[in-house]
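Below is one structure; the comments refer to it alone.
Number of protein chains: 2
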Amino acid sequence: MQIEELYQQYKSKMRRVADVKNALAVLQWDQETYLPAKGAALRAEQMATLSEIAHEMFADAELEGILKTLSETNNLSFSQQKNVELTLEDFNKNKKYSAAFVRKLSEATSRSYHSWIDARKQNNFSLFKKDLKALVELKREEAHILGFENHPYDALLNEYEKGATVAWLDGIFNTLQKPLKELLDAIMQKTQPNNDFLQQHFDKDKQWAFGLDILKKIGYDFEAGRQDISAHPFTTSFNAHDVRITTRIDENDFSSMTWSCIHEGGHALYEQGLPIESYGLPAGEFCSLGIHESQSRLWENCIGRSLGFIEGNFSLMQQYFPGLQEVTPAELYRALNKVQPSLIRTEADELTYHFHVMIRYDVEKKLIEGNLSAEDIPAFWNEMYKQYLGVKVPDDAQGCLQDIHWSHGSFGYFPTYSLGSLYAAQFLSYIEKQHQDLQLQIIAGNYTGIHQWLKANVYQYGRLYSSEELCNKATGEPLQLQYFMEYLFHKYAEIYQLRK
Amino acid sequence: MQIEELYQQYKSKMRRVADVKNALAVLQWDQETYLPAKGAALRAEQMATLSEIAHEMFADAELEGILKTLSETNNLSFSQQKNVELTLEDFNKNKKYSAAFVRKLSEATSRSYHSWIDARKQNNFSLFKKDLKALVELKREEAHILGFENHPYDALLNEYEKGATVAWLDGIFNTLQKPLKELLDAIMQKTQPNNDFLQQHFDKDKQWAFGLDILKKIGYDFEAGRQDISAHPFTTSFNAHDVRITTRIDENDFSSMTWSCIHEGGHALYEQGLPIESYGLPAGEFCSLGIHESQSRLWENCIGRSLGFIEGNFSLMQQYFPGLQEVTPAELYRALNKVQPSLIRTEADELTYHFHVMIRYDVEKKLIEGNLSAEDIPAFWNEMYKQYLGVKVPDDAQGCLQDIHWSHGSFGYFPTYSLGSLYAAQFLSYIEKQHQDLQLQIIAGNYTGIHQWLKANVYQYGRLYSSEELCNKATGEPLQLQYFMEYLFHKYAEIYQLRK
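Sequence order for the protein chains is A and B.
All the letters of the first sequence, read from the start, carry residue numbers 1 to 500 under our numbering.
All the letters of the second sequence, read from the start, carry residue numbers 501 to 1000 under our numbering.
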């Protein structure tokens, strides 16, 4: 009885914190979509205030007492126990940060962000160098504050993907590197598919309407979310009943918006599928960034860029876009999956993408180790791009200044993109085992089998299981690279007519 | 030195409270414009949490100490001193409310709001009766908590219009009633202008574009605000650099959207004109609801519904709307100013509008006095409508259930609408004194003279002066009814060819 009461107190305190964090997310969403120009300065102040309040609310001594009592009782259900355990973990982590350090980090991040904007705009890395260097120092300090066993970078990786370590990721990237490079080399020997027709005029309003159609088809609930326009597409959730996505439209590029919709749609299906009754608790939150990214990549790449998906939606596409009248589904399929080493990560195909990640992972690891100095990033970056992708980086704007992550202090984030692809391929393989006719379902425009599998194996657990546990539970084994490699080899063997 | 530091502390505490209140306003704005249906429940919880936090932050003992020290020093500038004085007043008022009473009131309001929605939808007052009765009891209690000298209703009026009393408002409405009734009777003897052409098809997108054009012309800054669609038009401010308005479009009615844009635009010009450097302080806030309403009504009615304004924008209107090709500016002017006793306050003309207000004022006064019981409102209402306006109320949905205010617990709000008209007419008269060629400026589409006068005499002072003080400062005299009466008599004499 008393325990049940305490648990209710814990829940309502957590809901209050969630209310503030989600209000903050609304302010951020508004900032990216509708905020008038002059409103930016005070909006930043308002967001900083809400962040501080959320932080203070979570650092509550009464909450700590409740958590300790609850963590010592045996009278909780499994999910209650996991909620308490994970919240206590978060609480203790939160406590490690002194107010002074949080302020220092937030100021350094804010400075870095603005100097990155300038540096990128003026294509001049030296404008970013000093602030980046200071930020790296603080992140090294943060790694020590958080603590680690083997490598300081582990502590930072852990913030995005619990349990991820340098040792584990080194293993993954080392294993991937050679076969991916061989596959790339083999592909580059072959004739490239024609994708010129993707760059013609595609009416803005029709792209918008088509995007909404596709989102509805894959199961996105517009009663519990909406799509808007922003400079960079993103997904944000204020709770499972209000999960919003954004997109951007390029009238001269067909592939850009639609597959971005599917990507964000995949993220959003996950958030809409989280148990609303656990709002504010770990059970109501996503598992990890790697698992989140597996959801967007599963839908965007494994499903959205499959021949079956294109066949299933081809007549709709042709209805919307007369420019596709002369194209066949197979031609569109090949065009959308063209492999081409390039400079920009976010525009990369499913194969070369991972070299972009590996390079960033290497840079970050060395920065955090102290084996690379911020000012040496451009040279190292450009050398790696030559080595991995054979491309010459013409300038830093198209090189090491292209991503926002470091300016935000997000060191350890990039690897989760690759993990997402790996998990997605493994999940897909198990969905196919359960649905022998999966390709036929996809051709028929029926995605409920996939959606049901994800609900049953991913969405419903929130973050009660780590990504490793979740993967084991869903597929009976930990993450295995073979699924991704088989997926990729099979796909490109077909497209590029490679010998198996 | 120490005082200056204390004042800075006071300022930063107030800014933090403002940050939370404005975040709350963003959540409300989003709720009215873009919130998906299922998001409503948790949004209500998030808003309740932010309200509580704002309340707690303002009830801070440290702030109280600072305010007391600051209020006893002589080392502050005039505006600093006023800020402190007004904040202390707010602080002490806030303290009068017990947490228990605030919760009771908030629960009662929430219940009333929902039963009002049902009652209105089902056109059944009895569904609202019980909750309204309970709410009236709480408002009577609130009047005693707040304290008053002569009449309990004074305490509630004071919440919207500082200094307003029953004695003062009785005087105003008693003075207005007879001449307005005589004017109405005289008008009703005359031939009514034709306004059929207002009800034809007016393209939605063109109305939207025209609304934006007009807003720009009157000086609304789209870099510091935006317009969106909502069920009921409103203005909301997150700070002077982010003041948003909403509108709705009726494709079969020309007058509805455009003059609503001008109305909200008038509110928004005021908010955009408040001193941004006083964000969070009384000096950065609007004076009173009566003054706020004077701004919307000045622009919508005194300017927007003037012949000069219509002449000045007529060719633009004809460009947008072919349906106006056969109409003259004078015909449009008369159509837009047609006087017609009617049932719905928000659709009333500038004359009969005030009878709608007087009836609500009487109902509220009697409710708070205890001389009218909630269940007797419909009969009293219908009787008053017959007496004042000569119209028969067919049902309560078109009668006493039409307004949202009571369901929100907003007793004392309605009179500020009439005060707005009175202040507007007085301000207009003084603007005309300063700009002898005002009508020519308006015909030329030049509204900067008006805008400048309002900046200099209204906007810049925030709420450092009460409405009475502000009026004295701006016009050299307190509120005088003669300006409004002259304005109205002059306008309708011209339109209806009345003998002066």
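Glycine is no exception: its CB is placed at the ideal position from the N, C-alpha and C atoms.
Here the structure is a predicted model, which is why all the values come from computation and not from measurement.
Does residue i come within less than 8 Å of chain B when only Cβ atoms are used?
i      : result
A/L50  : yes
A/V20  : yes
A/P36  : yes
A/R226 : yes
A/I229 : no
A/E223 : yes
A/D60  : no
A/Y10  : no
A/R248 : no
A/R509 : The structure shown does not extend to residue 509 of chain A, since chain A is modelled only from 1 to 500, so the question has no answer here.
At the level of alpha carbons, what is the spacing between residue i and residue j?
i      : j      : result
A/N337 : A/N194 : 11 Å
B/K604 : B/N522 : 24 Å
B/E869 : B/A643 : 10 Å
B/A667 : B/L588 : 27 Å
A/K365 : B/E556 : 45 Å
B/G773 : B/I617 : 35 Å
A/T235 : A/Q436 : 32 Å
A/Q480 : A/E469 : 13 Å
A/L42  : B/Y613 : 32 Å
A/Q528 : A/A186 : Nothing can be reported for residue 528 of chain A: it is not among the residues displayed for chain A, which extend from 1 to 500.
B/L627 : B/E552 : 29 Å
B/G784 : B/Q982 : 31 Å
A/H267 : B/S737 : 33 Å
B/H701 : A/H451 : 45 Å
B/K991 : B/L798 : 14 Å
A/Q81  : A/D213 : 41 Å
B/T852 : B/S755 : 17 Å
A/K392 : A/E137 : 30 Å
A/S315 : A/A209 : 15 Å
A/V84  : A/E5   : 14 Å
B/G899 : B/F855 : 13 Å
A/E107 : A/K129 : 16 Å
Determine whether the Cβ of residue i lies closer than 8 Å to any Cβ atom of chain A.
i      : result
B/E545 : yes
B/F738 : yes
B/D530 : yes
B/G539 : yes
B/Y770 : no
B/I718 : no
B/A523 : yes
B/D742 : yes
B/Y888 : no
Applying the criterion that 16 or more other CB atoms from any shown protein chain within 10 Å of the CB defines a buried residue, is residue i buried or exposed?
i      : result
A/P282 : buried
B/E572 : exposed
A/L454 : buried
A/P394 : exposed
A/G258 : In the sequence on display, residue 258 of chain A carries Thr and not Gly. Buried: at least 16 other Cβ atoms inside 10 Å.
A/E383 : exposed
A/E477 : exposed
B/R834 : buried
A/M358 : buried
A/N158 : buried
B/G725 : buried
A/K38  : buried
A/T573 : A query on residue 573 of chain A cannot be resolved here, the shown segment of chain A reaching from 1 to 500 and no further.
According to DSSP, which residues form a beta bridge with residue i?
i      : result
A/Q227 : A/I245
A/T235 : A/I245
Thinking residue i and residue j are a contact (beta carbons under 8 Å), I'd like their distance in whole angstroms, please.
i      : j      : result
B/F601 : B/I645 : 7 Å
A/L289 : A/Y160 : 4 Å
B/R748 : B/D728 : Not quite, the Cβ-Cβ distance comes to about 10 Å (not below 8 Å), so this is no contact.
A/F484 : A/Y361 : Their Cβ separation, rounded to whole angstroms, is 16 Å, which puts A/F484 and A/Y361 out of contact at 8 Å.
A/I540 : A/Y447 : Nothing about residue 540 of chain A can be read from this structure; chain A reaches only from 1 to 500.
A/A59  : A/K13  : Not a contact, Cβ separation roughly 12 Å.
When the cut-off is 8 Å and only beta carbons count, does residue i lie next to chain D?
i     : result
A/I53 : Going by chain labels, chain D is absent from the structure shown, which instead holds the protein chains A and B.
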